[in-house]
Amino acid sequence: MEHPENSHEYKGLTVNSGVSSQPTVNPYRKPNRARKRLLSAGEYVEGILKGNVSILGQAVTLVESTADIHQSLAQEVIEKCLPHSGNSKRIGITGVPGAGKSTSIDVFGLHVLQKGGKLAVLAIDPSSERTRGSILGDKTRMEKLSQEKDAFIRPSPSAGSLGGVARKTRETIVLCEAAGYDNIFVETVGVGQSETAVHSMVDFFLLIQLAGTGDELQGIKRGIMEMADGIVINKCDGDNVERANLAAAQFRNALHLFPPTPSRWRPEVLTYSGYFNLGIDKVWDMIDRYFEYVKKTGYFERKRNEQAKYWMIETINEQLRDSFYHTPEIRTLLEQKELRVLNNEQSSFTAARDMLDFYFSNLRAK
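Structure below.
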């Protein structure tokens, strides 16, 4: 194209034609490597039983996948690993955000490894309600533990469905136990319903609390306190020692007001400092005493059996719910019923009953 600036009227001024367009793809870019093929169920199981961390991680990814082909393969792997599971101490760890759960797991885990065990840490990471994304940064807060060869750290996103991720965590426990990990830590999101889900898959439930946060009674919540098998006050160091001891005394007094636990074990209240690695041995001694007590009384096996039945029922409920909402006829009927409810033509309860009647009478036989 001729530029007017190149006219004789503008002598001494020229406009270059410019450079040619550059390719959008880097010519030096190497083609992607071929995706790894899916192993067979037998290959996954063989690798897991040998303690192959890479194959264990791949198997956990299968468990977390929502693809049908992955789920069927994952269930086959879990079934074959089941006879090799059940030989670990399952410990749930919860506490309010900022209580120092990750730091505590770091030092607790090192204490376990020093005693000669192997440790798997399964952390349920909160997901964004807007993007459904998760940081999955637990390894960065477990600096020392993440460098140990006998430690396996696996964060999983909650993705807005605590029930679903809890079931997958329960299945991941089976895989980790089959791989030889005799200590399993399950870290909760730290809010509300997640504690109940984690409590239903562990043997010992540890509640981490803080002192000097302004309202000491705020931490004395009946629901979470009744689930706890042990309560520990973190950050008992420096100027906070006196406040931590006072908070421990308040928690001990509060525990006397609660009915006995199903195991008849009286939860203990201890203080420690995760950052300065103080009192860690006392916390773990308490956990060892608990396991010795419940195995002697037979409660350990009873609780494991109750948990197995609980997750069977939960899985049935989840499958029924998915089947109901993923049925095309139900989706169409749901839109119609929503309009009737919003227009005050039908109550919410009768609309729900009509949909359930339609589902069970027309679709159950398919």
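The sequence shown begins at 1381 in the working numbering and counts up one residue at a time. For every residue, glycine included, the Cβ atom is placed at its ideal position computed from N, Cα and C. Computed from a prediction, not measured in an experiment: that's the story for all the values here.
Can you list, in chain order, the residues of its chain with a C-beta nearer than 6 Å to that of residue i? Leave out the 5 residues immediately preceding and following it.
{"i": "TYR1690", "result": "SER1580"}
{"i": "ALA1628", "result": "ILE1613, VAL1649 and THR1651"}
{"i": "GLU1369", "result": "Any answer about residue 1369 is impossible in this case: the structure gives the chain only from 1381 up to 1746."}
{"i": "SER1643", "result": "VAL1674 and TYR1679"}
Among the options, which one has its Cα closest to the Cα of residue i?
{"i": "ALA1376", "options": "LYS1683, ILE1710, GLN1589 and VAL1440", "result": "In the structure as shown, the chain begins at 1381 and stops at 1746. Residue 1376 is therefore absent and cannot be evaluated."}
{"i": "VAL1425", "options": "ILE1604, ALA1559, ARG1417 and ARG1547", "result": "ALA1559"}
{"i": "TRP1645", "options": "ASP1665, ASN1620, TYR1673 and ASP1668", "result": "TYR1673"}
{"i": "GLY1466", "options": "GLY1496, PRO1640 and ILE1564", "result": "ILE1564"}
{"i": "SER1692", "options": "LYS1548, LYS1524 and LEU1453", "result": "Before going on, a small fix: residue 1692 reads as Met here, not Ser. Taking only the C-alpha atoms, the option nearest MET1692 is LYS1548."}
{"i": "ASP1665", "options": "PHE1584, LEU1436, CYS1461 and ILE1533", "result": "PHE1584"}
{"i": "LEU1490", "options": "LYS1524, ILE1473, LEU1462 and THR1474", "result": "LYS1524"}
{"i": "ALA1447", "options": "TYR1561, LEU1418, VAL1501 and GLY1678", "result": "LEU1418"}
{"i": "ALA1500", "options": "VAL1476, ASP1702, GLY1472 and ASN1620", "result": "GLY1472"}
{"i": "ILE1604", "options": "ALA1591, LEU1586, GLY1618 and ASP1617", "result": "LEU1586"}
{"i": "LEU1436", "options": "GLY1618, LEU1555 and VAL1487", "result": "LEU1555"}
{"i": "PRO1463", "options": "LYS1498, ILE1553 and ILE1449", "result": "ILE1553"}
{"i": "LYS1662", "options": "GLY1478, ILE1533 and GLY1610", "result": "GLY1610"}
{"i": "VAL1476", "options": "ILE1533, ALA1591 and SER1434", "result": "ALA1591"}
{"i": "GLY1496", "options": "GLY1480, ALA1479, GLU1528 and GLY1478", "result": "GLU1528"}
{"i": "TYR1655", "options": "PHE1631, LEU1442 and GLY1478", "result": "GLY1478"}
Drop a sphere of 10 angstroms on the beta-carbon of residue i, count the other beta-carbons inside from all chains shown, and report buried for 16 or more, exposed for fewer.
{"i": "GLY1647", "result": "According to the sequence provided, residue 1647 is Pro. The question's Gly does not apply to it. When all chains shown are included, PRO1647 counts as buried."}
{"i": "TYR1670", "result": "buried"}
{"i": "ALA1531", "result": "buried"}
{"i": "ARG1682", "result": "exposed"}
{"i": "THR1730", "result": "exposed"}
{"i": "LEU1607", "result": "Here residue 1607 turns out to be Met, not Leu, going by the sequence shown. Buried, since its Cβ has 16 or more Cβ neighbours within 10 Å."}
{"i": "ALA1624", "result": "buried"}
{"i": "GLY1517", "result": "Here the model assigns GLY1517 a pLDDT of 46, short of 50, so the residue's position is not dependable, and the following value carries that caveat. It is exposed - the Cβ of GLY1517 has fewer than 16 other Cβ atoms within 10 Å."}
{"i": "THR1483", "result": "buried"}
{"i": "TYR1561", "result": "buried"}
{"i": "PHE1740", "result": "exposed"}
{"i": "ILE1449", "result": "exposed"}
{"i": "THR1511", "result": "With a pLDDT of 40 at THR1511, under the threshold of 50, the predicted position of this residue should be treated as unreliable, though the coordinate-derived value follows. Exposed is the call here."}
{"i": "PHE1638", "result": "exposed"}
Between residue i and residue j, what straight-line distance do the alpha-carbon atoms span, to the nearest angstrom?
{"i": "ASN1724", "j": "GLU1709", "result": "23 Å"}
{"i": "ARG1675", "j": "ARG1720", "result": "It is Lys, not Arg, that sits at residue 1675 in the sequence shown. Going by the C-alpha atoms only, they are around 57 Å apart."}
{"i": "GLU1459", "j": "ASN1633", "result": "45 Å"}
{"i": "ILE1588", "j": "SER1653", "result": "11 Å"}
{"i": "GLY1775", "j": "GLU1718", "result": "Since the first residue shown for the chain is 1381 and the last is 1746, residue 1775 is missing from the structure and cannot be characterised."}
{"i": "SER1445", "j": "GLN1451", "result": "7 Å"}
{"i": "LEU1714", "j": "ILE1696", "result": "22 Å"}
{"i": "LEU1700", "j": "GLU1551", "result": "19 Å"}
{"i": "LEU1736", "j": "THR1707", "result": "12 Å"}
{"i": "ILE1428", "j": "LEU1453", "result": "14 Å"}
{"i": "GLU1596", "j": "ASN1742", "result": "Residue placement at GLU1596 is poorly supported in this model, since its pLDDT is 48, which falls under 50; the coordinates still yield a value, given next. C-alpha separation (whole angstroms): 56 Å."}
{"i": "ASP1702", "j": "ARG1711", "result": "12 Å"}
{"i": "ASN1771", "j": "HIS1636", "result": "Beyond the ends of the chain as shown, which are 1381 and 1746, falls residue 1771; an answer cannot be given."}
{"i": "GLU1694", "j": "ASN1685", "result": "14 Å"}
{"i": "GLU1423", "j": "CYS1461", "result": "12 Å"}
{"i": "GLN1687", "j": "ASP1619", "result": "42 Å"}
{"i": "LYS1615", "j": "ILE1485", "result": "14 Å"}
{"i": "ILE1667", "j": "PRO1640", "result": "18 Å"}
{"i": "SER1541", "j": "GLY1480", "result": "At SER1541, the pLDDT of 45 sits below 50, so the modelled position is not reliable and the matter cannot be decided from this model."}
With a CB to CB cut of under 7 Å and the five nearest residues on each side skipped, what residues in its chain are close to residue i?
{"i": "GLY1599", "result": "The pLDDT assigned to GLY1599 is 48, lower than 50, so where the model puts this residue is not dependable, and the model offers no usable value."}
{"i": "ILE1660", "result": "VAL1487, PHE1488, HIS1491 and TYR1652"}
{"i": "SER1728", "result": "VAL1721"}
{"i": "LEU1493", "result": "LEU1499, GLU1528, ASP1530 and ALA1531"}
Should residue i and residue j be called a contact, given that it needs their Cβ atoms to be closer than 7 Å?
{"i": "VAL1578", "j": "ARG1470", "result": "no"}
{"i": "THR1568", "j": "THR1474", "result": "yes"}
{"i": "GLU1826", "j": "SER1434", "result": "It is not possible to answer for residue 1826, since the shown part of the chain is limited to 1381 through 1746."}
Is the shortest distance between the beta-carbon of residue i and the beta-carbons of chain D less than 7 Å?
{"i": "ARG1701", "result": "Among the chains of the structure shown, chain D does not appear; only one protein chain is present."}
Cβ of residue i versus every heavy atom of the ligand HEM: is any distance shorter than 6 Å?
{"i": "ILE1604", "result": "In the structure shown, the ligand HEM is absent, as is every other ligand, since no ligand is present at all."}
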